[in-house]
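I have placed the structure first, in the form of structure tokens, so that the comments after it can refer back to it.
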Amino acid sequence: MADSAFAQPTTAEKGSNIVLSPEAEAQYDRITRNLQEVTSGEIIRKVLSEGEVVRAYWGSATTGRPHIAYCVPLCKIADFLTAGVSVTVLLAGMSTILFVVKGYKANIHPPPKDLHAFLDASKSTLETVQHRVKYYSRLFKAVFTSLGVPVDKLKFVTGTSYQLKADYTLDVYKFHALTSTREAEHAGADVVKESESPLMSSLLYPGLQALDEQYLDVHFQFGGVDQRKIFMYAAHFLPKMGYAKRAHLMNAMVPGLSGGKMSSSDPKSKIDFLDSAADVKAKIKAALCPPGEIENNGVLAFLKAVLIPVQELKIEQAAGRGEPGPVGEGSFVKAGAPEGTVFSISRPDKFGGDIHVSSYKQLEKEYVAQNIHPGDLKTGVQDALITLLAPIRKEFEEDKEWQEIERLAYPGSSLAPTQPEEKKVKKKDVRSKPPTEEERAALRAAKEQEKAAKEQEKAAKEQGKLAKEQEQASRAQAKVAKDQEKAAKAAAKASNEGSQPPVPPPGAIKSAELVQNSVDAAKIEPVPVASGSGSQTCVTSTDLPKLKLIAKGKVRDIYAIPGEDDKLLFIATDRMSAFDVIMNNGIPSKGITLTTLSLFWFDKLKQIIPNHVLTPSPSSCFGSPAEAWNEFPRSLDEYRDQLEGRSMIVKKCEVVKIEAIVRGYITGSAWSEYKKSQTVHSIPMPAGLVESAKLPKPLFTPSTKADLGDHDENIHPDKVKDICGPELAAEIERVAVQLYTEAAQYALERGLILADTKFEFGLLQSPSSPNKPELILIDEVLTPDSSRYWAEADYVPGKPQASFDKQYLRDWLISEGLKAKEDVTLPEHVVSETRRKYEEARDRVMGLGEFGKHGRRGVTAGDEETGLQTDQVEDTIEVEARQKFEIHGRVGVKAGDEETGLQTDQVEDAIEEEARKL
């Protein structure tokens, strides 16, 4: 059914024929400002023209804990109260456990549910619901009081104060005798989940809300624009019952901090009114805030709908008292801000200093132009929010009665201070005479029984522990067997279906064959690898409508996989960032290069630490993207052009908020710090180091892990203990250094110096050890984005080194005066050179193309000095040489035989000489 079924004139209603006095017109303007829609506004104007008090109502369900998204309707209600409107807040009370619409979508404008709620009984008891009604009323009053809004015309009611009376019940029958199931279903379409066979309660619900207008005796109802169909339903049918039509005022819907709705059921997606300053900072920091984007930007939307209106309200209140607008403490405007400022953002001087705006429109314009960094916007919002919530939390902490109400309303998630337990005083057994022999015997028997019971309990625990260990051992054995079976299948598949033929053992290959094979190999065009090096496509953003976007980083987009709550889809885009700023254009196929190299290193380092990769198998890095795509679920085929070669399905885990940086050489920011203080990450270093010098040993230099739009912060290793705890911090450092050491050695064998790198870790819950999650390696590993590679042949200490990473891009930005600047478009030569460096790093590490198996250029098959293309070539040469020259002590060949056995270490020289001949 179209909305026109209940269509009413929409008014903003300056064009109304009802003329108001200047004072009444100002009241009407305040009542109707900052709304998305007003219908039948002439009803309010008529009441004002007659000098009466306007009456309004807003409903809220007392289900989950109220969170800051409630500030959106509460800010508008503050307007009503300051305009002299009598506001009734209808709270779900005694009957919540009787009649709730199943599947009702939680939002920041929940409609009244009291008698509207019978299906919620499994969540809350009657007594709990009553305490929640009290908690909501106390909290809402505290919010208005903190804003300086009068509450003398604010009252709270519960539905059961009138919804169980005979006249209301009779009107329920009358109302639904007038409407059809189709009309009722249409009215609730935006607030009730669709169903092929909807419950009767969902059909009755819109009519009950319509009747509330009559029984609360109001002139208008207020809510979110998602309730428009219910409002029009009421305006259409109440007059048919002989009741007056009401006006309806609607707020715009505001996205939550994660881009969707802010839900009470998800603690990470909402901020509680009583959250600490640290909690507020953490949740704002994790909020989705794409640079330059307004749509679904919850941080920007909250600032528009709540923070700036609150500051404007405070400025109006000050003007009414004949005072200047508030600045400094308790205000969202910093001291010293220009006159007319409504919002200030603290920003370090090195990034341009503090930001001051005189309106939301100015702020939005600056943000779209990317003159305001997302990290700075988050800083401003978190500071303002902490200021807004501080008086509410202070009142709660000082009010014992309110704390007790909160404790009873939310027993499983109370934020009230815990009460110290009263010490129980054990009463002494005072006897007037010594115990008899019978009493002594009974005491001894009781003690023996108690001792026997403890021993039995101890034995049972030991048996349980042993059984648990046996079960864990069985699982481990089963896993090993499964992994072996999987590896065997993969090997068989690679042998039967792969592009490379089975390689015979080294001893079966003769040197002459190797030389000829190498010459032949040089004549064959190399097979394209998963890098897609020939492609010019550039994926800088992804659009997967059927999947939920969980996070958007500087390079990676992360999506939830429908029906797979324990998995995530990682996509490496071609976005390019430097100095915490994302460039306008990307590097073609960069995401494929990063994914290919990460899969290689995940497989290479799996013996040190497990990783989060599920699909594709890490060994697929040597195949084509098309082959790897066969391992992905077919449900993703419609997005293949965005995913192939650049995506991984990974285990969902808790991300450790640390970037584990390990340095083997002093360069970059470490060198800059060393020159100033002879420290690196505040760690004292030996004197006399030169730029790019090799450090005495690998150095663990962590930083905080910044979200999109924020800045990383270098920290001393000891601070990791404060963030993660001493045990986990020690494990992260140990594993990170071990990973770097093995990777650096491998890279050096291929002509590369791994100067430094960054690892990221996650914690994976294990059913067998729920209290001790497993540390795993996540994200990307040893790519040019996360690592600094140098060519060993060109390495000269004492100066900067040319590197196979984004340092080339950083140098270009600095030389052009564009360091940390927004809105930078890279020229073609910078794009091409950056891409070349990334792909050369991949080829060197993986032994692809012209770099052969050993990552060294310049010696290729077919030259006078034959280039060895695989490690088996070296092994085969050594085997054939050793067949001619027997090593000292080997059984079977002795001095005097036909093949002379060398009895000294000269045999090694002979082997080497023979190898050179081959």
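According to my numbering, the sequence shown is numbered sequentially starting from 1. Glycine included, each C-beta is placed from N, C-alpha and C at the ideal position.
Restricting attention to beta strand (DSSP E) runs no shorter than 3 residues, the stretch 686-769 encloses them at 694-700, 752-766, ordered along the chain. Only residues of its own chain outside the window of five on either side were considered, and among them Gln382 have a CB closer than 6 Å to the CB of Lys281, listed in chain order. Under the DSSP assignment, Thr387 falls outside any beta strand (DSSP E), being part of the alpha helix (DSSP H) whose first and last residues are 374-398.
Spatial neighbours of Asp376 in its own chain (CB-CB distance under 6 Å, excluding positions within 5 residues in sequence) are listed in chain order as Ile345, Arg347. Straight-line spacing of the CA atoms in Gln477 and Glu733 works out to 29 Å. Secondary-structure assignment with DSSP links Val157 through a beta bridge to Leu90. Boundaries of the beta strand (DSSP E) around Leu249: 247-251. Spatial neighbours of Phe602 in its own chain (CB-CB distance under 8 Å, excluding positions within 5 residues in sequence) are listed in chain order as Asn611, Val613, Pro618, Leu777, Val781. Arg646 is a Cβ neighbour of Ala572, given a cutoff of 7 Å.
DSSP, reduced to helix, strand and coil, places Ser647 within a strand of the structure shown. Between the stretch 646-657 and the stretch 570-584, the count of C-beta pairs closer than 8 Å reaches three or more; the two stretches touch. The Cβ-Cβ distance between Ser413 and Arg407 does not fall below 7 Å.
The alpha carbon of Arg836 has as its nearest neighbour, out of Tyr808, Leu813, Glu816, Thr825, the alpha carbon of Tyr808. Ile558 places its beta carbon less than 7 Å from that of Leu568. Checking the DSSP bridge columns, you'll see Lys567 partnered with Lys651. Within the DSSP bridge table, the entry for His67 names Asp272 as partners.
Counting only the Cα atoms, Glu404 lies some 46 Å from Ala445.
In the three-state reduction of the DSSP assignment, Gln449 falls in the helix class. Distance from the CA of Ser276 to the CA of Lys652, rounded to the nearest whole angstrom, comes to 28 Å.
Restricted to the stretch 552-631, the alpha helix (DSSP H) segments that are unbroken, complete and at least 4 residues in length are 590-604, 625-629, listed in chain order. Assignment of Phe804 by DSSP, reduced to helix, strand and coil, places it in the coil class. When only Cα atoms are considered, Cys289 and Cys724 end up about 26 Å apart. Counting along the chain, Phe231 sits inside the alpha helix (DSSP H) bounded by residues 228-237. At a Cβ-Cβ threshold of 7 Å, His131 and Ala409 count as neighbours. Glu760 has its alpha-carbon roughly 6 Å from the corresponding atom of Ala660. The three-state secondary structure of Ser21, taken from DSSP, is coil. In the DSSP assignment, Gly292 falls outside any alpha helix (DSSP H) and carries neither an H nor an E.
Around the beta carbon of Arg440, fewer than 16 other beta carbons lie within 10 angstroms, which makes this residue exposed. Under the three-state reduction of DSSP output, Pro255 falls in the coil class, being neither helix nor strand.
Restricting attention to Asp637, Ile592, Gln642, Tyr639, the CA atom closest to the CA of Gly623 is found in Ile592. Remark: C-beta atoms of Ala187 and Tyr233 approach each other more closely than 7 Å. Annotated as proximal: Gly41 and Ala247, with beta-carbon spacing under 7 Å. Inter-segment contact for the stretch 227-244 and the stretch 365-380 is absent: fewer than three beta-carbon pairs are separated by less than 8 Å.
In the structure shown, Gln456 falls within a helical segment according to DSSP collapsed to helix, strand and coil. Within the model, the alpha-carbon separation for Thr181 versus Met241 is close to 18 Å. Judged by DSSP in its simplified three-state form, Phe332 adopts coil rather than helix or strand.
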